[in-house]
Amino acid sequence: MLPAASRAILDPAGTNPDYVELKPDGTFSGTLDVADQECTPETCGVITYAAGGAVNAAHELFTDLTFATDPTGPTDPTTPPVDPGTGVTDARLEWGLKESFRDYIRGPIAHGSWTLDDVTGDGPFAWENLTSGTEELVTFAGGVHFTGHDGLLDLTISQPQVRFANGAAELLLDVRSKGLENPEEYVELDDAVFATLTPGTPTVGNGLNTYTAMPAVLTEQGASGFAGFYPAGTELDPVDRHDRTRRRDPPATGGGRWRRRVRAHADDPGRAEPG
Ligand code: HEM
Numbered sequence: 001m002l003p004a005a006s007r008a009i010l011d012p013a014g015t016n017p018d019y020v021e022l023k024p025d026g027t028f029s030g031t032l033d034v035a036d037q038e039c040t041p042e043t044c045g046v047i048t049y050a051a052g053g054a055v056n057a058a059h060e061l062f063t064d065l066t067f068a069t070d071p072t073g074p075t076d077p078t079t080p081p082v083d084p085g086t087g088v089t090d091a092r093l094e095w096g097l098k099e100s101f102r103d104y105i106r107g108p109i110a111h112g113s114w115t116l117d118d119v120t121g122d123g124p125f126a127w128e129n130l131t132s133g134t135e136e137l138v139t140f141a142g143g144v145h146f147t148g149h150d151g152l153l154d155l156t157i158s159q160p161q162v163r164f165a166n167g168a169a170e171l172l173l174d175v176r177s178k179g180l181e182n183p184e185e186y187v188e189l190d191d192a193v194f195a196t197l198t199p200g201t202p203t204v205g206n207g208l209n210t211y212t213a214m215p216a217v218l219t220e221q222g223a224s225g226f227a228g229f230y231p232a233g234t235e236l237d238p239v240d241r242h243d244r245t246r247r248r249d250p251p252a253t254g255g256g257r258w259r260r261r262v263r264a265h266a267d268d269p270g271r272a273e274p275g
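Following this line, the structure appears as structure tokens:
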């Protein structure tokens, strides 16, 4: 379930059956195929809760199903309903920072190199250690440490995040970079918006959303990590983001209305009022 703005990004054609639109008044409608004898009012319901592991008891609702004709088949109410929630469980970010910067680092001017921490590739680099993920925001562990000019250039970029909001996207980074004027001082940025991205249209299929070659432009904050050599507005290497969205376990904590409704069903298979 997604607000219209998020769906426009993840499912621009509006044809992916995995998504339905969440209207501003909180209602939604969708079509589910239920096999014969698989579901009864006692064992199935519509469960809603916040995506991405967020816990918000006020949004955890259980609504009974009603059938046009009486269903037959198993009515054992002890099996909890299947969780319909989803989140980004696998993701990959590919990005090279800037090709000319990599050439400069390894070239005859800087005589430098880079080392990788929880990252693969030799430029572009690939981050795959996802630490949290929703359709709106994916966060990765790992970084790249560039050095050059016998240590006078010392730049680490780490913990990239790709954030989507209102049809736009941003690349956030932690940055640590030695200053040119005073090599004792480092510029340190935490979760800084490093580049603005143009997301374009993703390809969507089998739960995999792929954004290829999103143009990336350096922000003012990002420029502060380059000792004045790149102004804000500098075009960086394009960014690729691939996400796989899968079913998730129900939230382990919270104990909100969702859990209470399931217990009500187990105790009294007859009815439980919708939340
Ligand atoms: C001893 C200190 C430094 C010297 C002598 C130096 C020298 C240079 C020179 C001569 C260039 C031009 C290269 C070319 O046009 O091909 C350059 C480019 C550059 N330098 Fe440095 N630099 C130093 C420190 C730094 C530091 C601390 C940073 C911070 C990250 C930095 C970032 C850059 C960047 C981003 C470029 C542009 C690379 C590109 O062509 O895309 N430099 N530097």
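Each residue of the sequence shown is one higher than the one before, counting from 1 in full-length UniProt numbering. Idealized CB from N, CA, C, for every residue including glycine.
Between V20 and F28, the alpha-carbon positions lie close to 7 Å from each other.
Non-local C-beta neighbours of S224 in its own chain, meaning closer than 6 Å and more than five positions away in sequence, comprise V187, ordered along the chain. DSSP, read as helix, strand or coil, puts Y104 in helix.
Here F101 is buried: its Cβ has 16 or more other Cβ atoms, across all protein chains shown, within 10 Å. Closest in C-alpha terms to E220, from the list A195, S158, H242, Q161, comes A195. DSSP places G222 in the uninterrupted alpha helix (DSSP H) bounded by 220-223.
At least one heavy atom of the ligand HEM is found less than 7 Å from the C-beta of F229. Distances from the alpha-carbon of G200 to those of P3, A8, A4 put A8 closest. Cβ neighbours of D122 within its own chain (closer than 8 Å, five residues either side excluded): none. Here G143 is actually not in contact with N129; their C-beta atoms are around 11 Å apart, not less than 8 Å.
Inclusion of F140 and L189 in the CB contact set at 8 Å is not warranted, their separation being larger than that value. Around A213, the same chain offers P238 as residues with beta carbons nearer than 6 Å, after the five sequence neighbours per side are excluded. The Cβ atoms of A110 and H145 lie no closer than 8 Å to each other. DSSP places L173 inside the beta strand (DSSP E), whose first and last residues are 168-178.
Secondary structure at E136: coil, using DSSP grouped into helix, strand and coil.
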